[in-house]
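K.L.:
For the sequence shown, my numbering gives the first residue as 16, with consecutive numbering after it. Just so you know, even glycine gets a beta-carbon here, dropped at the ideal spot from N, CA and C. Being a predicted model, the structure only gives us computed values, none of them experimental.
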Amino acid sequence: MKKTLLILLATAALGGTSASAQEVLTLKDAVRLGLENGYSIQIAKNSSSIAANNNTYGNAGFLPRVDATVGGNIKASSDKTTRLDGSTTSASPRTLNANAGVSLSWTLFDGMGMFIAKEKLDLLQKQGETTLRVNMENSAAQIISTYNAIVQQKQLIKVFTETMSISEQRVRIAQTAKRVGSGSDVALLKAEVDYKSDSSNLVQQSLALRNLKADLNQLLSRAPETAFEVEEQQPTAGPIAYPDIAAKAMEQNPSLIEARQELSIQQLGVKEVKSMAMPYVTLNSSYTFNKYSYTNGSYDALRSHGPYVGVTAGVTLFDGFNIRRNERNAQLQVSSMEVRVQQLEQELRTSILKTYNAYTTAQSVVEIEQKSLELAQKNLTIALKAYEQGSISDIDMRETQRSFVDVSYRLINAQVNLKNTEVELRRISGTLTLPDQQ
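(1) Let's test the definition: count the other Cβ atoms within 10 Å of the Cβ of Lys-18 and tell me whether it reaches 16, buried, or not, exposed.
(2) To which residues of the same chain is Ala-83 closer than 6 Å at the C-beta, ignoring the five residues directly before and after it?
(3) Would you kindly work out how many angstroms separate the C-alpha atoms of Tyr-302 and Glu-134, rounded to a whole number?
(4) For Leu-224, which of Leu-359, Ala-66, Ala-242, Gly-284 has the nearest alpha-carbon?
(5) Please report the straight-line C-alpha distance between Leu-235 and Glu-273, rounded to a whole angstrom.
(6) Would you give the residue range spanned by the beta strand (DSSP E) that Phe-124 belongs to?
(7) Closest by CA to Asn-175, which one among Val-218, Val-195, Thr-376?
(8) Can the beta-carbon of Val-438 be found less than 8 Å from the beta-carbon of Ile-159?
(9) Could you give the distance in angstroms between the alpha-carbon of Lys-173 and the alpha-carbon of Gln-248?
(10) When you compare the CB positions of Arg-185 and Tyr-402, do they come within less than 8 Å of one another, or not?
(11) Where does Lys-43 land, buried or exposed, given buried means 16+ other C-beta within 10 angstroms?
(12) Counting along the chain, where does the alpha helix (DSSP H) carrying Leu-316 start and finish?
(13) Just to confirm, are Thr-370 and Thr-436 a CB contact at a threshold of 8 Å?
(14) Does DSSP put Thr-241 in a helix, a strand or coil?
(15) By the DSSP assignment, the alpha helix (DSSP H) with Ala-229 in it spans what residues?
(16) Per DSSP, which one or two residues make a beta bridge with Phe-304?
(17) Between which two residues does the beta strand (DSSP E) containing Asp-100 stretch?
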């Protein structure tokens with residue numbers, strides 16, 4: 016009965032079905048799906064596309080505006096004239112008018128404002144691309160962390176399953192000892208209580224695994240109940256040198272790049288305000304056609320058509336000091352943004368150092384816990400044989416089990432923490448590798 020329960024609990028903990036019946040989701044595929052389907056990624060892509068669509072010479076003011084118009088009207092009246100001699104005359108004049116035209120308005124010079132606007136649009140497009148990259152790297156890091164947590168949880172389930180199997184073996188030993196008269200009811204009950212406790216722990220770990228899978232499905236924009244398995248290879252971290260990663264962070268960190276781009280945009284804002292005080296030159300041209308038809312009067316019809324060309328030049332002499340005020344405000348915004356960039360650089364240096372310290376510490380912890388697990392595994396094997404021979408107590412045996420579980424948990428947690436720390440280092444340094452987007 017207990018063996019059947021062990022099998023059922025282990026099967027439920029590992030997903031309820033065989034791995035061959037479920038999709039095996041690799042980490043690379045998980046990141047790819049998340050970047051393709053993630054809601055925040057889709058929104059960021061649309062924002063980036065909008066910035067790209069806005070980056071045109073027409074939007075910057077380089078191109079002319081051309082309008083075409085067509086119209087017509089009818090004027091009709093009834094006139095009655097009375098002369099001094101009392102005679103009267105009546106008339107019903109009517110005038111028909113049809114007109115059409117094409118007009119062009121073109122700013123030839125606006126104090127370099129259009130060139131500044133185009134440069135600003137270029138930066139806004141790049142900033143949109145950087146924002147998209149920030150979203151993609153943040154999403155990828157979150158997916159990797161959740162994926163590793165699932166791998167960690169499956170390994171913990173194996174540890175708890177093994178512990179539960181040992182507890183089941185303890186129950187059988189206690190039952191045998193009681194039958195031959197060398198055991199007691201207390202020892203048997205203690206073994207059964209420990210077995211039930213391990214069973215409960217296994218069920219809790221199973222719940223945690225199912226919830227983590229639902230979290231990953233959410234990050235991939237899939238139905239939360241979508242079944243899948245993960246590759247259970249132990250996450251490994253590659254070598255990282257602090258000087259290299261720190262230098263790359265100052266050059267490639269997406270958030271810092273985004274802030275520097277914003278600073279450049281603010282600096283262009285100062286130039287943009289200054290351009291408003293410069294002279295401007297506009298070209299206006301049109302070609303019009305008019306036709307009048309009369310039913311009474313000296314003329315039967317009148318037609319006119321022809322081009323018009325004009326150039327206007329001007330300069331703002333006084334606007335209530337608004338240009339000067341706006342220029343000062345723009346310069347203050349630049350100053351604030353420069354301070355913000357310096358703040359981000361300082362925060363990034365601190366974050367890199369702290370994360371790298373955590374990374375090297377995690378490496379040391381993994382090495383320590385690997386050795387500890389080897390010792391705990393040997394201790395467990397020795398203790399189990401001694402327990403079968405009756406040379407150690409239930410309390411000692413249980414303590415040995417707990418020690419094995421604790422060391423296994425610490426090692427698994429340290430390995431995953433090491434990998435997650437590496438991912439965070441690469442994210443904030445702008446060196447996190449993303450799969451190619453189709």
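P.N.:
With the given structure in hand:
(1) Residue confidence for Lys-18 is low, a pLDDT of 47 falling below 50, so the modelled location carries little weight and cannot support an answer.
(2) Val-117
(3) Distance between the alpha carbons of Tyr-302 and Glu-134: 34 Å.
(4) Ranking the options by Cα distance to Leu-224, first place goes to Ala-242.
(5) 26 Å
(6) Counted as a single uninterrupted DSSP element, the beta strand (DSSP E) harbouring Phe-124 occupies residues 109-124.
(7) Position check: residue 175 holds Phe in this sequence, whereas Asn was assumed. Taking only the C-alpha atoms, the option nearest Phe-175 is Val-218.
(8) yes
(9) 13 Å
(10) yes
(11) Lys-43 is exposed by the Cβ-count criterion.
(12) One detail in the question is off: residue 316 reads as Ala in this sequence, not Leu. Where Ala-316 is concerned, there is no enclosing alpha helix (DSSP H), although the beta strand (DSSP E) around it starts and stops at 316-329.
(13) yes
(14) coil
(15) 200-234
(16) Ala-115, His-320
(17) Asp-100 -> no beta strand (DSSP E), and no H or E assigned at all.
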